[in-house]
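Worksheet: one structure, shown below.
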Amino acid sequence: GAVVSQHPSWVICKSGTSVKIECRSLDFQATTMFWYRQFPKQSLMLMATSNEGSKATYEQGVEKDKFLINHASLTLSTLTVTSAHPEDSSFYICSAPTGSGANVLTFGAGSRLTVL
Amino acid sequence: QKEVEQNSGPLSVPEGAIASLNCTYSDRVSQSFFWYRQYSGKSPELIMSIYSNGDKEDGRFTAQLNKASQYVSLLIRDSQPSDSATYLCAVNSRGSARQLTFGSGTQLTVLP
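Those protein sequence lines, which keep their order, are chains A and B. FYI, our numbering numbers position 99 of the first sequence as 153, with every residue one higher than the one before it. FYI, our numbering numbers position 89 of the second sequence as 90, with every residue one higher than the one before it.
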């Protein structure tokens with residue numbers, strides 16, 4: 055089946071630094087990638103939708119200058135958290151539409167970010 | 002009102018029992034409904050999808066959809082300790098088959 059490879063699985067960084075998270079579709083082409091954030095005991099919140107070759111679409115309240123999304127190829131989408139702060143500590147998960155009619159999401163394994 | 006609502010639990014059932022998880026949604030035009038299982042510290046994995054009214058069975062899992070009442074449920078028969086996880090209800094509520102809105106999840110514990 056379709057696989058989305060996400061890394062790093064966890065990262066610890068100092069406040070003010072930037073962190074890049076990568077998601078790769080291993081055996082299919084992902085023209086779209088959804089990026090979610092999940093705080094403890096809460097559900098997945100859609101942050102943005104990346105589209106290969108065009109600008110990402112951000113959800114209301116998500117700072118596009120802080121969460122830089124790049125979808126440069128059909129198999130790679132990246133999320134960069136710039137000038138990270140402790141409140142950005144969260145579980146970030148990417149997912150791509152797969153399956154019949156692209157109606158099913160295949161998730162990456164997630165990236166646990168801790169900002170000190 | 003939240004778009005997708007679930008009882009956060011925790012829900013505890015003994016091993017071998019039936020676990021019943023419920024979800025309601027607010028957008029009447031929703032067309033696709035999904036149940037995902039998420040183990041602690043892991044990303045969600047798809048358990049069931051359902052698109053039309055009625056029941057859909059897959060092994061020990063049965064999804065039930067009632068569009069008139071705007072609810073979808075998941076039944077887990079013969080519950081096993083390995084079923085202990087958070088179950089997320091997801092609904093296509095944006096008119097696009099590609100974007101899902103997730104409920105906050107119900108934490109299920111199956112007691113051995």
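From the three backbone atoms N, C-alpha and C, an ideal C-beta is built for every residue, glycine too.
Q: Step through the CB atoms of chain A and report whether any lies within less than 8 angstroms of the CB of G60 (chain B).
A: no
(Q) According to DSSP, simplified to helix, strand and coil, what is E113 (chain A)? (A) coil
Q. Name the DSSP beta bridge partners of G55 (chain B), please?
A. B:L66
Q.
Beta-carbon within less than 7 angstroms of S83 (chain B)'s beta-carbon, same chain only, minus the 5 sequence neighbours each way: which residues are those?
A. The answer is none, since no qualifying residue turns up.
Q) In terms of DSSP beta bridges, what is M99 (chain A) paired with? A) A:R91
Q. In angstroms, rounded to a whole number, what distance separates the CA positions of T107 (chain B) and A126 (chain A)?
A. Using only the alpha carbons, I get a separation of about 37 angstroms.
Q: Identify the continuous beta strand (DSSP E) that holds Y26 (chain B) and give its terminal residues.
A: From DSSP, the beta strand (DSSP E) with Y26 (chain B) extends over 20 to 26.
Q | Boundaries (first-last residue) of the beta strand (DSSP E) holding K74 (chain A) | A | 73 to 79
Q) Is the Cβ of G55 (chain B) closer than 8 angstroms to any Cβ of chain A? A) no
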